[in-house]
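In what follows, a single structure is set out as C-alpha cells and then discussed.
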Amino acid sequence: MSEFNGRDSGGPESGGREFDGLSALVTGGASGIGLATARLLAGRGARVAVLDLDAAGLAPPLHGCTADLADDASVRAGVADAAGLLGGLDILVNNAGVGAAGTVEDNPDEQWHQVLDVNVLGIVRTTRAALPYLRRSAHAAIVNTCSVAATAGLPQRALYSASKGAVLSLTLAMAADHSREGVRVNCVNPATVDTPWVARLLNAADDPEAERAALNARQPTGRLVTADEVAHAIAYLASPAAASVTGTALAVDGGMAGLRLPPRPAAAPAPPAAAPAPAPAPAPAESGP
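Each residue of the sequence shown is one higher than the last, beginning at 1 in the UniProt record's numbering.
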C-alpha cells in the first residue's frame, strides 16, 4: 500500500506535490487527454503507468504497459504489470475510449458492439483487475472519462452518446458499491477536446476550417476544451484533497451542458472601402510682372 505525505497542493496551478508516494494507472494514456493526465500526475509526484495498445513511445518518468481493453486476459496482465512496476495502485484513470458518428440508422451492430466493448466494458475490465490493489490503498480513487454527450443530446452521436451515458451510470453505481471500501469513484464530462484524434476528424472534413469554426461556435466559451484543462479536473478528483468527493460528474465543457446563451452576433460586415480622395487641383501659375 502506498503512503501519502499529506502535503497540500496549494491549488491546481501551484505545481504542488500532492501525489508524492502515490501510484496511478492511466488507460489510453499514450496521447490526448490520457497523456496530459499522466504527465500532470507525474509532475505532481505520482508514479505513473500508462495502459495502452501502443505504449512503446512513452518517455520516462512514465511507464508503458501494453493491453487490449477488449480482451480481459490482456487487461488483467497489463494491470498486474503496472502494479508490479509501481509497487501497488492508488489511482485508476479510465480514459481509453473510441468515438463514433451517426444516427441509430447509421452504425451497424458490429460497430455498436465494438464501441460499447471498449468504452463501457473496458472500464469494467480495468476496474475489476485494479480493485484488489485499490482496496489496499488509504487514498484509492477512480476517475472515468465520460462526456457531455452523456447529459446533452448531440446530433449524429447516437452510439457514442449511448456509450457515455452508460459510463455516467456506471460511475454512480461503482461509487455506491465501493464507497465503504474506501474507494472513491467520479467522472469528468468534457465537451469536444482539441486532441490529435479530433484534429484527424477535422482534417478529413470537406472544409476543415468551417468544421472547426462550427465546433468552436457550439461552445459558450467560443473554443474547444484543451486536454490540459481536462487533465487538471481529473487530477483534482484523483487527489486526496478531494477525499469527500465521490459519485460526482464534473463538467469540463465550457458551459455547453448547463448554459443557454444567445447566438454569438455575426461579425459586422467590413465597411465599404473609402473612395479615393480627389487629386488636388494644380496650383495656378504665377503672374509675370
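Ideal placement from N, C-alpha and C gives every residue a C-beta, glycine not left out. The model shown is predicted, which means the values in this text are computed figures rather than measured ones.
Bounds of any alpha helix (DSSP H) do not take in His139, whose DSSP letter is neither H nor E. In this structure, the alpha-carbon of Asp68 lies about 16 Å from that of Ser31. Taking one beta carbon from each stretch, the region 95-115 and the region 207-216 have fewer than 3 pairs nearer than 8 Å; the two do not touch. Note: Ile91 is bridge-paired with Ala24 and Ala141 in the DSSP secondary-structure output. If you ignore the 5 residues before and after Val120, its C-beta comes within less than 8 Å of the C-beta of Ser163, Ala166, Val167 and Leu170, all in its own chain and listed in chain order. Within the region 180-257, the complete alpha helix (DSSP H) runs of at least 4 residues fall at 196-204, 208-218 and 227-238. Looking at the backbone, the Cα of Ala55 and that of Pro262 are separated by about 44 Å. The residues Ala129 and Ala130, in chain order, have a CB closer than 6 Å to that of Val79 in the same chain once the five nearest residues on each side in sequence are set aside.
Distances from the CA of Val93 to each of Gly57, Val50, Val115 and Leu154 were compared; the closest alpha carbon is that of Val50. Beta-bridge pairing by DSSP links Arg157 to Gly102.
Between Thr145 and Val188, the gap from beta carbon to beta carbon is short of 8 Å. For Ala49, the enclosing beta strand (DSSP E) stretches over residues Arg47 to Asp52. Judged by pairs of C-beta atoms under 8 Å, the region 196-207 does not touch the region 233-244, as fewer than three such pairs exist.
A contact between stretches requires three or more CB pairs, one per stretch, nearer than 8 Å, and the region 83-98 meets this requirement with the region 23-37. Inclusion of Val198 and Val225 in the CB contact set at 8 Å is not warranted, their separation being larger than that value.
In summary, Leu259 is exposed, with fewer than 16 beta-carbon neighbours lying within 10 Å of its beta-carbon over all protein chains present. For Gly88, the closest of Ala150, Gly64, Leu53 and Ser23 by C-alpha to C-alpha distance is Ser23. Relative to the Cα of Glu181, the nearest Cα in the group Gly45, Ala138, Ala83 and Gly43 belongs to Ala138. Residue pairing by DSSP places Cys65 opposite Leu51 in a beta bridge. In this structure, Pro196 sits away from Ser147, with a CB-CB distance that is not shorter than 8 Å. Taking all protein chains shown into account, Gly64 has 16 or more neighbouring C-beta atoms within 10 Å of its C-beta and is therefore buried.
The beta carbons of Asp90 and Ala140 sit closer together than 8 Å. Spatial neighbours of Val183 in its own chain (CB-CB distance under 6 Å, excluding positions within 5 residues in sequence) are listed in chain order as Leu134 and Ala140.
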